[in-house]
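Notes follow once the structure below has been shown.
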Amino acid sequence: MTEDDLPASAGGESETGPHKGPVKHIYGRRKGRPLRAHRQRALEDLLPKLALETPAEGSRVDPVTLFGRDAPIWFEVGFGGGEHLADQAEQHPDVNLIGAEYFINGVASLLKHIEERDLANVRILQNDARLLLECLPDGVLERIFVLFADPWRKTRHTSRRFIQAETLALLARLMPAGAELRLASDHPKLIDWYDEVLPAHTTPQSPFELVWRQPLASFDRPADWPNTRYEQKGIAEGREPIYWLLRRRGS
31 MTEDDLPASA
41 GGESETGPHK
51 GPVKHIYGRR
61 KGRPLRAHRQ
71 RALEDLLPKL
81 ALETPAEGSR
91 VDPVTLFGRD
101 APIWFEVGFG
111 GGEHLADQAE
121 QHPDVNLIGA
131 EYFINGVASL
141 LKHIEERDLA
151 NVRILQNDAR
161 LLLECLPDGV
171 LERIFVLFAD
181 PWRKTRHTSR
191 RFIQAETLAL
201 LARLMPAGAE
211 LRLASDHPKL
221 IDWYDEVLPA
231 HTTPQSPFEL
241 VWRQPLASFD
251 RPADWPNTRY
261 EQKGIAEGRE
271 PIYWLLRRRG
281 S
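Residues in the sequence shown are numbered consecutively from 31, following the numbering used here.
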């Protein structure tokens, strides 16, 4: 999903999200084309069972209560159409997966996958991922995905990009030793941004180790790294993705 697909909308502390609570740092439209009847039904019937409430600022969330079981937690920031998240959930039924996505059409698409595959290990935050991440205890996320995020290509919008020094510090707090941070992008400006921001956080003294950075031409895709709709679209249009794997160092 690109910045051009999501025209800017008013965002800020005073907005109210779909599941009660503040919506901050949200930019872009909330809904696209009208939903088909079965997807609208899923939003009305299934989403309330899987949706996570936005926690109060400064609170702490017990991960076990989110799923009703104690299991490893993986988190996808901006899951787009939900294909990747659903594939991960299907491949790893022993893992709890949280997906954060504000775009209603993307949420509806993920719900379709959840229904068709009978997935019981997914929860959805229809809000800014950071509102939940900031409330989780240390060391609870064993894998984090930020795949083909909005590049926010205009210079004045770079602060809207998810990967920032502050965000990486937050993720480092949430990840135990050996946890993985997986990134991918096919947009030149976001690729340049990652290449500028990541080195300072992957030195021997930093929380993260850069395991590899691979272009599509030499990408040795792990078996549990399914592709996404936006990835396939970009490749078909001649864009070459770059993939990063970062690992949390031991403390």
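Note that beta-carbon positions come from the ideal geometry of N, C-alpha and C, so glycine has one too.
**OP:** Grab me the residues of histidine 55's own chain with a C-beta within less than 8 Å of its C-beta, minus the 5 sequence neighbours each way, in chain order.
**Re:** Caution applies to histidine 55, whose pLDDT of 47 falls short of 50 and renders its modelled position unreliable; the value that the coordinates give is listed next. Beyond the five residues adjoining it in sequence on each side, histidine 55 comes within less than 8 Å, by CB distance, of Gly41, Asp158, Arg160 and Arg190 in the same chain, given in chain order.
Subject >> Local Cβ density within 10 Å of aspartate 216, reported as buried at 16 or more and exposed below that >> reply: With 16 or more Cβ atoms within 10 Å of its Cβ, aspartate 216 is classed as buried.
Subject >> Own chain residues within Cβ distance below 6 Å of histidine 187, not counting five before or after >> reply: A distance below 6 Å between beta-carbons, with the five flanking residues on each side excluded, links histidine 187 to no residue of its chain.
Original post:
Given that a residue counts as buried once 16 or more other Cβ atoms are within 10 Å of its Cβ, and exposed if not, what is glycine 47?
Top reply: With a pLDDT of 36 at glycine 47, under the threshold of 50, the modelled position of that residue is not reliable, and the figure given next carries that caveat. Counting Cβ neighbours within 10 Å, glycine 47 comes out buried, since at least 16 surround it.
Subject >> Nearest residue (CA-CA) to leucine 127, options Gly136, Leu96, Glu145 and Glu146 >> reply: Distances from the alpha-carbon of leucine 127 to those of Gly136, Leu96, Glu145 and Glu146 put Leu96 closest.
Original post:
Sorted by chain position, which residues of the same chain lie with C-beta nearer than 7 Å to proline 123's C-beta, five sequence neighbours on each side aside?
Top reply: The residues are Asn151.
Original post:
Can you tell me whether DSSP reads tryptophan 274 as helix, strand or coil?
Top reply: The answer is strand: DSSP assigns tryptophan 274 an E or B state.
**OP:** Could you check if serine 139 is buried or exposed, using at least 16 other CB atoms within 10 Å of its CB as the buried criterion?
**Re:** With a 10 Å radius around the Cβ and a threshold of 16 neighbouring Cβ atoms, serine 139 comes out buried.
Original post:
Quick one: Cα of alanine 199 to Cα of isoleucine 265, how far?
Top reply: Within the model, the alpha-carbon separation for alanine 199 versus isoleucine 265 is close to 32 Å.
Subject >> Beta-ladder partner(s) of arginine 153, from DSSP >> reply: Answer is Ile128.
**OP:** Output the distance between the C-alpha atoms of glutamate 239 and aspartate 75, rounded to the nearest integer angstrom.
**Re:** Each residue's Cα considered, the two are about 42 Å apart.
Original post:
How would you write the range of the alpha helix (DSSP H) that arginine 147 sits in, first residue to last?
Top reply: Note, arginine 147: alpha helix (DSSP H), 134-147.
Original post:
Less than 8 Å separating the beta-carbons of alanine 81 and isoleucine 154?
Top reply: Yes, the pair counts as a contact, with Cβ atoms nearer than the cut-off.
**OP:** Check isoleucine 221 in the structure and name its three-state DSSP category.
**Re:** In the structure shown, the three-state DSSP call for isoleucine 221 is helix.
Original post:
Apart from the five residues just before and just after lysine 61, which ones in its own chain have a Cβ nearer than 7 Å to its Cβ?
Top reply: Bear in mind that the predicted position of lysine 61 carries a pLDDT of just 49, short of 50, making it too unreliable to give a figure here.
Subject >> Cα-Cα separation, proline 93 to lysine 263 >> reply: Rounded to the nearest angstrom, the two C-alpha atoms are 35 Å apart.
**OP:** Work out the CA separation of leucine 77 and valine 227 for me, nearest whole Å.
**Re:** For valine 227 and leucine 77, the distance between alpha carbons rounds to 36 Å.
Original post:
Would you say leucine 149 and alanine 116 are within 8 Å of each other, going by their C-beta atoms?
Top reply: Yes, Cβ-Cβ distance for leucine 149 and alanine 116 is below 8 Å.
Original post:
For arginine 173, which of helix, strand or coil comes out of DSSP?
Top reply: The three-state secondary structure of arginine 173, taken from DSSP, is strand.
**OP:** Return the CA-CA distance between proline 271 and phenylalanine 175, expressed in angstroms with no decimal places.
**Re:** So the alpha carbons of these two residues sit roughly 15 Å apart.
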